[in-house]
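Engineer:
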Amino acid sequence: MAMKPIQRSKDILSVILYPVITEKVLTNMEKNNELDFIVRRDANKVEIKKAVEKLLGVKVIKVRTRIEKRGKRATVKLHPDYSASEAASRLGII
3 MAMKPIQRSK DILSVILYPV ITEKVLTNME KNNELDFIVR RDANKVEIKK AVEKLLGVKV
63 IKVRTRIEKR GKRATVKLHP DYSASEAASR LGII
(Lines of atoms letter the chains of each structure in order from A and count residues from 1; the text may use other names and numbers.)
(Lines give C-alpha, C1' and ligand atoms only; values in the text may rest on other atoms or scores of the structure.)
Protein backbone atom coordinates (compact mmCIF):
# COMPACT_ATOMS: atom_id res chain seq x y z
CA MET A 1 0.00 0.00 0.00
CA ALA A 2 1.52 3.30 -1.12
CA MET A 3 1.60 6.17 1.29
CA LYS A 4 0.55 9.64 0.23
CA PRO A 5 3.03 12.46 0.74
CA ILE A 6 2.23 14.82 3.57
CA GLN A 7 0.72 18.05 2.29
CA ARG A 8 1.94 21.12 4.12
CA SER A 9 -0.28 24.16 4.08
CA LYS A 10 2.18 26.98 3.52
CA ASP A 11 2.68 29.52 0.81
CA ILE A 12 5.63 28.69 -1.43
CA LEU A 13 7.03 32.21 -1.04
CA SER A 14 7.00 32.01 2.77
CA VAL A 15 9.82 29.44 2.50
CA ILE A 16 12.48 32.14 1.99
CA LEU A 17 12.95 34.37 5.03
CA TYR A 18 15.74 36.71 3.85
CA PRO A 19 18.89 36.77 1.69
CA VAL A 20 22.40 36.43 3.13
CA ILE A 21 24.85 39.18 2.18
CA THR A 22 28.51 38.66 3.08
CA GLU A 23 31.78 39.12 1.21
CA LYS A 24 32.02 35.38 0.66
CA VAL A 25 28.47 35.25 -0.74
CA LEU A 26 29.25 38.12 -3.11
CA THR A 27 32.36 36.27 -4.31
CA ASN A 28 30.34 33.09 -4.88
CA MET A 29 27.72 35.15 -6.70
CA GLU A 30 30.31 36.29 -9.24
CA LYS A 31 32.37 33.07 -9.50
CA ASN A 32 29.79 30.31 -9.13
CA ASN A 33 26.48 32.02 -10.03
CA GLU A 34 25.07 31.25 -6.55
CA LEU A 35 22.77 33.04 -4.10
CA ASP A 36 22.35 32.36 -0.37
CA PHE A 37 19.14 32.60 1.66
CA ILE A 38 17.99 31.89 5.19
CA VAL A 39 14.93 29.67 4.80
CA ARG A 40 12.32 28.08 7.05
CA ARG A 41 13.80 25.25 9.05
CA ASP A 42 11.12 22.80 7.87
CA ALA A 43 11.60 23.65 4.17
CA ASN A 44 13.01 20.98 1.89
CA LYS A 45 15.17 21.43 -1.22
CA VAL A 46 12.26 21.08 -3.67
CA GLU A 47 10.27 23.80 -1.89
CA ILE A 48 13.31 26.10 -1.80
CA LYS A 49 13.93 25.55 -5.52
CA LYS A 50 10.30 26.34 -6.42
CA ALA A 51 10.28 29.44 -4.20
CA VAL A 52 13.47 30.87 -5.75
CA GLU A 53 12.27 30.14 -9.29
CA LYS A 54 8.91 31.81 -8.60
CA LEU A 55 10.36 34.78 -6.73
CA LEU A 56 13.20 35.60 -9.14
CA GLY A 57 11.96 34.12 -12.42
CA VAL A 58 15.15 32.08 -12.91
CA LYS A 59 16.01 28.41 -13.36
CA VAL A 60 17.72 26.68 -10.42
CA ILE A 61 20.21 23.86 -11.04
CA LYS A 62 21.16 22.87 -7.49
CA VAL A 63 20.20 23.58 -3.88
CA ARG A 64 22.50 22.90 -0.93
CA THR A 65 21.29 23.36 2.65
CA ARG A 66 22.87 23.45 6.08
CA ILE A 67 21.75 24.31 9.60
CA GLU A 68 23.45 27.30 11.27
CA LYS A 69 22.87 29.25 14.47
CA ARG A 70 20.67 31.79 12.73
CA GLY A 71 18.61 29.13 10.93
CA LYS A 72 18.65 26.95 7.87
CA ARG A 73 20.80 28.36 5.08
CA ALA A 74 20.30 27.45 1.44
CA THR A 75 22.86 28.01 -1.30
CA VAL A 76 21.13 28.08 -4.68
CA LYS A 77 23.07 27.61 -7.93
CA LEU A 78 21.43 29.24 -10.95
CA HIS A 79 21.41 28.01 -14.54
CA PRO A 80 24.21 29.59 -16.66
CA ASP A 81 21.58 31.39 -18.78
CA TYR A 82 20.71 33.52 -15.73
CA SER A 83 22.94 35.89 -13.78
CA ALA A 84 22.99 35.76 -9.99
CA SER A 85 24.13 39.40 -9.95
CA GLU A 86 21.09 40.51 -11.94
CA ALA A 87 18.77 38.45 -9.73
CA ALA A 88 20.36 39.98 -6.62
CA SER A 89 19.95 43.50 -7.97
CA ARG A 90 16.25 42.79 -8.66
CA LEU A 91 15.92 41.75 -5.01
CA GLY A 92 17.74 44.89 -3.90
CA ILE A 93 20.68 42.98 -2.40
CA ILE A 94 23.36 44.77 -4.41
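Using our numbering, the letters of the sequence shown correspond one by one to residues 3 to 96. C-beta: ideal position from N, C-alpha, C; glycine also. Quantities reported herein were computed from a predicted structural model and do not represent experimental measurements.
Following the continuous alpha helix (DSSP H) through Lys-71, name the residue where it begins and the one where it ends.
Structural biologist: Element bounds for Lys-71: n/a, residue is neither H nor E.
Engineer: Which residues mark the beginning and the end of the beta strand (DSSP E) in which Val-41 is found?
Structural biologist: 36-41
Engineer: Does the stretch 83-90 come into contact with the stretch 43-63, if we say contact requires no fewer than three beta-carbon pairs (one atom in each stretch) closer than 8 Å?
Structural biologist: Contact between the stretch 83-90 and the stretch 43-63 is present, because at least three Cβ pairs lie under 8 Å.
Engineer: Buried or exposed for Leu-58, going by 16 or more other Cβ atoms inside 10 Å?
Structural biologist: buried
Engineer: Can you tell me whether Val-17 is helix, strand or coil according to DSSP?
Structural biologist: coil
Engineer: State the CB to CB distance for the pair Val-54 and Val-78, rounded to an integer number of angstroms; the pair is presumed to be in contact (CB under 8 Å).
Structural biologist: 5 Å
Engineer: On the DSSP letters alone, give me the boundaries of the alpha helix (DSSP H) that Val-48 sits inside.
Structural biologist: 47-58
Engineer: Arg-43 and Lys-71 - do their beta-carbons sit closer together than 8 Å?
Structural biologist: no
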